[in-house]
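These notes are about the structure you will find just below.
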Amino acid sequence: MLRSQANWNYTYNETKADVSPLDQMIDSDLTKQLLWQRGITTADQAARFLHPDLNHLHDPGLLHDIDKACLRVKEAIANKEHILVYGDYDADGVSSTAVMMEALLELGAICEFYIPNRFTEGYGPNEVAFKEAKEQGFQLIITVDNGIAAVQEAEVAKQLGIDLIITDHHEVQKDIPTAFAIIHPKCSKEYPFKELAGVGVAFKFAQHLLGYFPSQLLDLVVIGTIADLVPLVAENRVLAHFGLKAISNSNRPGIKALKKVCNIEGPITEEQIGFMIGPRMNAVGRLQEANPAVDLLLTKDMDQAVELAAFVQDVNQERQVIVSEIAKEAEQMVNETAGDANVIIVAKEGWNEGVLGIVASKLVKKFDRPAIVLSIHPQKGEAKGSARSIDAFDLFSSCMEIREHFTRFGGHAQAAGMTLPIDRIDIVRNKLHAIADRQLSPEDFKPVLSIDATTDIDALSISGIAEIEKLAPFGMGNPKPLFFVKGSVKEIRQIGSRQNHLKLTMANGQALLDGVGFGMGNLYHQISKSSMIHAVGELGINEWNGRQKVQIMLKDFEIPEWQLFDYRGVRSIEKQVAHVLPETALAIQLKEHPPRLHELSVPVLSYQEVMNQGINNAHVKDLILLEMPATLDDLSEIVADIRPERIFACYQLDGGSYLKGIPTREEFKWFYAMMLKRKQFHFEKELDKLAAFKGWSVDKIKFISKVFFELEFVKIEDGILYPISKPTKKDLTESELYQQRLQQLDLEEILYYSNYTQLKNWLQENMKAPASLKEEVMSGL
Numbered sequence: 001m002l003r004s005q006a007n008w009n010y011t012y013n014e015t016k017a018d019v020s021p022l023d024q025m026i027d028s029d030l031t032k033q034l035l036w037q038r039g040i041t042t043a044d045q046a047a048r049f050l051h052p053d054l055n056h057l058h059d060p061g062l063l064h065d066i067d068k069a070c071l072r073v074k075e076a077i078a079n080k081e082h083i084l085v086y087g088d089y090d091a092d093g094v095s096s097t098a099v100m101m102e103a104l105l106e107l108g109a110i111c112e113f114y115i116p117n118r119f120t121e122g123y124g125p126n127e128v129a130f131k132e133a134k135e136q137g138f139q140l141i142i143t144v145d146n147g148i149a150a151v152q153e154a155e156v157a158k159q160l161g162i163d164l165i166i167t168d169h170h171e172v173q174k175d176i177p178t179a180f181a182i183i184h185p186k187c188s189k190e191y192p193f194k195e196l197a198g199v200g201v202a203f204k205f206a207q208h209l210l211g212y213f214p215s216q217l218l219d220l221v222v223i224g225t226i227a228d229l230v231p232l233v234a235e236n237r238v239l240a241h242f243g244l245k246a247i248s249n250s251n252r253p254g255i256k257a258l259k260k261v262c263n264i265e266g267p268i269t270e271e272q273i274g275f276m277i278g279p280r281m282n283a284v285g286r287l288q289e290a291n292p293a294v295d296l297l298l299t300k301d302m303d304q305a306v307e308l309a310a311f312v313q314d315v316n317q318e319r320q321v322i323v324s325e326i327a328k329e330a331e332q333m334v335n336e337t338a339g340d341a342n343v344i345i346v347a348k349e350g351w352n353e354g355v356l357g358i359v360a361s362k363l364v365k366k367f368d369r370p371a372i373v374l375s376i377h378p379q380k381g382e383a384k385g386s387a388r389s390i391d392a393f394d395l396f397s398s399c400m401e402i403r404e405h406f407t408r409f410g411g412h413a414q415a416a417g418m419t420l421p422i423d424r425i426d427i428v429r430n431k432l433h434a435i436a437d438r439q440l441s442p443e444d445f446k447p448v449l450s451i452d453a454t455t456d457i458d459a460l461s462i463s464g465i466a467e468i469e470k471l472a473p474f475g476m477g478n479p480k481p482l483f484f485v486k487g488s489v490k491e492i493r494q495i496g497s498r499q500n501h502l503k504l505t506m507a508n509g510q511a512l513l514d515g516v517g518f519g520m521g522n523l524y525h526q527i528s529k530s531s532m533i534h535a536v537g538e539l540g541i542n543e544w545n546g547r548q549k550v551q552i553m554l555k556d557f558e559i560p561e562w563q564l565f566d567y568r569g570v571r572s573i574e575k576q577v578a579h580v581l582p583e584t585a586l587a588i589q590l591k592e593h594p595p596r597l598h599e600l601s602v603p604v605l606s607y608q609e610v611m612n613q614g615i616n617n618a619h620v621k622d623l624i625l626l627e628m629p630a631t632l633d634d635l636s637e638i639v640a641d642i643r644p645e646r647i648f649a650c651y652q653l654d655g656g657s658y659l660k661g662i663p664t665r666e667e668f669k670w671f672y673a674m675m676l677k678r679k680q681f682h683f684e685k686e687l688d689k690l691a692a693f694k695g696w697s698v699d700k701i702k703f704i705s706k707v708f709f710e711l712e713f714v715k716i717e718d719g720i721l722y723p724i725s726k727p728t729k730k731d732l733t734e735s736e737l738y739q740q741r742l743q744q745l746d747l748e749e750i751l752y753y754s755n756y757t758q759l760k761n762w763l764q765e766n767m768k769a770p771a772s773l774k775e776e777v778m779s780g781l
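First residue of the sequence shown: 1, per this note's numbering; consecutive thereafter.
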């Protein structure tokens with residue numbers, strides 16, 4: 001048995017949905033079912049989903065204040081006023097800045113961009129930057145991907161005589177800035193779609209300013225849309241779909257250079273943006289000023305683009321090292337101090353603020369709890385950092401309940417950034433702990449996997465998987481489908497340079513399915529071949545040497561039944577059982593032999609001690625059999641009583657009786673007839689000769705002699721065997737020695753010479769058999 005790491009949420013209805021309206025759009029019943037579960041139940045809806053169209057985008061004019069903002073920008077261009085685009089340092093903010101700059105430059109504006117320094121200025125508008133902009137002659141500021149929380153800064157802009165146009169998409173807080181214009185989907189009652197990324201809002205503004213649809217900007221729009229994890233539905237799906245095509249064929253020097261350092265060839269996928277391009281765009285602003293990232297997207301010079309891309313690559317590699325170091329420190333702090341806290345808050349002086357969101361994500365993944373990671377600034381008396389949350393805990397609303405304790409706060413349900421006084425850290429920790437304690441159950445702290453469908457291994461095909469890919473691009477709001485499959489473990493091994501990944505093959509009859517679990521290599525010794533495995537993962541197509549195979553990328557799995565680990569005959573077994581926990585394991589062997597587990601602290605008892613003394617059965621999950629029992633009854637009684645989740649058969653057999661066998665009745669008859677005829681048998685002189693003559697082993701002759709002696713058919717005097725005249729008639733089975741040999745043969749056949757399936761079946765029968773039925777299953781396979 002091996003429990004899953006996550007809660008599995010089966011989102012589909014077991015009742016088969018009527019997917020016939022989708023028949024004309026797609027062939028695969030499984031894909032139709034996936035569409036149905038996404039609320040796509042008509043042919044028209046399916047057509048819009050499967051075939052995104054730019055005509056499906058909404059009119060930018062529906063955004064509140066956009067007409068007013070456009071008139072002000074065009075007035076500024078006409079009057080040659082200086083315009084400042086005030087961006088943000090993440091991938092969404094960088095791409096938003098590039099989009100707005102290109103639109104303004106095309107219109108002939110005198111404009112520059114400004115990205116605040118994460119470390120000295122923080123997120124969003126700030127008073128010092130606005131005052132400096134005024135001194136430099138800027139009369140109009142346009143924010144992109146920020147500003148909706150800048151209530152005080154908007155007042156500063158007004159006092160300075162600067163018109164402020166805010167374009168943003170973040171959560172609207174209680175107070176709204178009094179800016180010249182605010183372009184925000186959630187502040188626009190008439191605008192149908194509320195979930196645009198910051199770059200999506202900037203693009204809408206650019207479109208309205210230019211007076212046409214600027215398809216040349218889609219290669220920038222797709223970066224922020226996917227990297228900022230907004231739902232890829234409705235307008236975002238259209239922008240992502242066409243954006244992926246645009247960036248795949250982009251002639252923009254910065255995009256070309258960026259693709260090269262990422263080793264991306266051919267069409268770009270949403271995963272490549274999410275895991276390769278996005279992180280590199282984010283990295284610059286995480287460690288320093290983000291201006292080079294904007295310059296990379298805007299440059300028209302290929303040489304400069306190559307130089308900037310190489311710089312971005314170097315910064316990203318540095319970022320990875322810093323993240324690893326801080327994550328290691330933070331994990332140690334959690335292990336030492338966090339205890340049973342519902343919400344993790346760790347803080348330390350000197351931590352790089354730019355990577356704390358990534359570190360928080362790692363803590364959430366490792367500990368399954370919301371996490372806030374803060375960098376302490378003693379000279380300022382404040383702590384600044386980022387937070388990430390679990391599915392069941394709305395971080396934004398929970399922090400808004402205690403908003404008064406933060407100097408600055410903003411974000412979403414699952415991610416946020418904040419600044420707070422150092423002396424408020426413990427207060428926030430205690431209050432968030434109480435809120436989480438009130439809202440969450442123990443099950444909520446496990447990650448949730450939403451399963452879209454159950455499928456049989458033999459039902460999977462290359463063409464079927466290809467149809468599922470038509471649902472792409474995948475992301476928030478349209479996650480890549482997760483499937484539940486089951487089968488027996490055919491093969492399993494660790495892969496990767498550090499053996500930290502897992503590869504296995506599942507079988508269902510003759511059908512096979514390969515599975516890969518990244519970061520799951522530590523579970524290798526906890527999975528037994530032939531065990532039934534239930535797996536959840538993403539289905540895809542693996543191509544190797546021109547051959548295509550369906551495979552599943554494992555997200556989680558479980559072994560629902562008890563497991564047998566067959567290490568019979570293995571001399572050193574420490575490695576095989578090194579992962580068992582001493583507090584939940586028990587090793588058993590014969591009393592007279594020394595323990596074989598020298599390096600492990602697993603308790604070792606004899607079979608007799610376990611049966612005589614009894615044990616706390618509830619705590620024993622792992623039963624390690626270091627030696628075979630004296631009788632099958634001994635082991636039967638123990639497994640029926642304990643019923644462990646895992647049994648490790650680690651015993652050896654030196655010598656034994658099974659290979660020697662037991663003489664046949666005909667052989668007993670021949671030997672006795674020989675004795676009657678010859679009247680005696682001299683062991684020392686004639687044993688080897690008889691063995692050679694009959695082709696018997698010496699052991700067989702000795703065994704026959706001992707049985708006859710026990711049954712009083714013969715007597716032994718001075719090493720000579722004599723037949724007894726007129727012995728009492730007895731059957732061979734009346735010999736205790738004969739019975740012991742039969743029992744030993746049975747024991748060895750069942751416990752040692754059986755195959756895996758036979759041994760497991762025998763253990764299974766005895767594990768579930770009530771006491772009254774034990775004798776019936778003692779022998780035989």
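Ideal placement from N, C-alpha and C gives every residue a C-beta, glycine not left out.
The structure displayed is predicted, hence computed values, not measured ones.
Taking just the CA atoms, how far does residue j sit from residue i?
i, j, result
"Gln-439", "Gln-304", "53 Å"
"Gly-211", "Gly-108", "14 Å"
"Thr-757", "Phe-648", "14 Å"
"Gly-475", "Leu-232", "6 Å"
"Ala-202", "Arg-237", "17 Å"
"Gln-24", "Thr-42", "10 Å"
"Met-767", "Ala-640", "4 Å"
"Leu-296", "Phe-311", "10 Å"
"Met-778", "Asp-634", "Any reading at Met-778 is ruled out, since the residue's pLDDT is 42, under 50, leaving its predicted position unreliable."
"Lys-660", "Leu-625", "24 Å"
"Pro-595", "His-619", "21 Å"
"Ile-527", "Glu-627", "22 Å"
"Gln-732", "Lys-706", "Gln is not the amino acid found at residue 732; the sequence shown has Leu there. Looking at the two C-alpha atoms, the distance is approximately 12 Å."
"Val-294", "Thr-97", "7 Å"
"Ile-435", "Glu-401", "9 Å"
"Glu-574", "Glu-469", "45 Å"
"His-534", "Ile-451", "12 Å"
"Val-485", "Asp-88", "43 Å"
"Glu-106", "Lys-204", "15 Å"
"Leu-2", "Asp-368", "19 Å"
"Leu-239", "Gly-124", "25 Å"
From the DSSP output, which residues share a beta bridge with residue i?
i, result
"Cys-111", "Ile-83"
"Gly-537", "Phe-483 and Leu-554"
"Met-101", "In DSSP, Met-101 forms no bridge with anything."
"Gly-39", "The partner list for Gly-39 (beta bridge, DSSP) is empty, contrary to what the question assumes."
"Gln-548", "Glu-543"
"Leu-586", "Leu-623"
"Lys-715", "Tyr-722"
What distance in whole Å lies between the Cβ atoms of residue j and residue i, which are believed to be in contact at a cut-off of 8 Å?
i, j, result
"Asp-394", "Ala-413", "5 Å"
"Ile-344", "Ala-371", "4 Å"
"Leu-581", "Leu-763", "At roughly 21 Å, the Cβ-Cβ gap does not stay under 8 Å, so Leu-581 and Leu-763 are not in contact."
"Ile-142", "Ile-165", "5 Å"
"His-169", "Cys-70", "About 19 Å separates the two Cβ atoms, so there is no contact after all."
"Val-448", "Ala-103", "About 41 Å separates the two Cβ atoms, so there is no contact after all."
"Val-550", "Ile-462", "6 Å"
How would you write the range of the beta strand (DSSP E) that residue i sits in, first residue to last?
i, result
"Lys-503", "501-508"
"His-377", "371-377"
"Lys-348", "344-349"
"Arg-388", "382-388"
With respect to the alpha helix (DSSP H) encompassing residue i, which residues constitute its N-terminal and C-terminal limits?
i, result
"Leu-449", "Premise fails: Leu-449 lies in the beta strand (DSSP E), 448-451, not in any alpha helix (DSSP H)."
"Gln-159", "151-160"
"Pro-473", "Looking at the DSSP string, Pro-473 is not in any alpha helix (DSSP H), and its letter there is neither H nor E."
"Gln-5", "Run containing Gln-5: none; DSSP gives neither H nor E here."
Whole alpha helix (DSSP H) elements within the segment 648-706, 4-residue minimum: 665-678 and 683-694
Alpha helix (DSSP H) runs contained entirely in the segment 278-312, provided each spans 4 or more residues: 278-287 and 291-298
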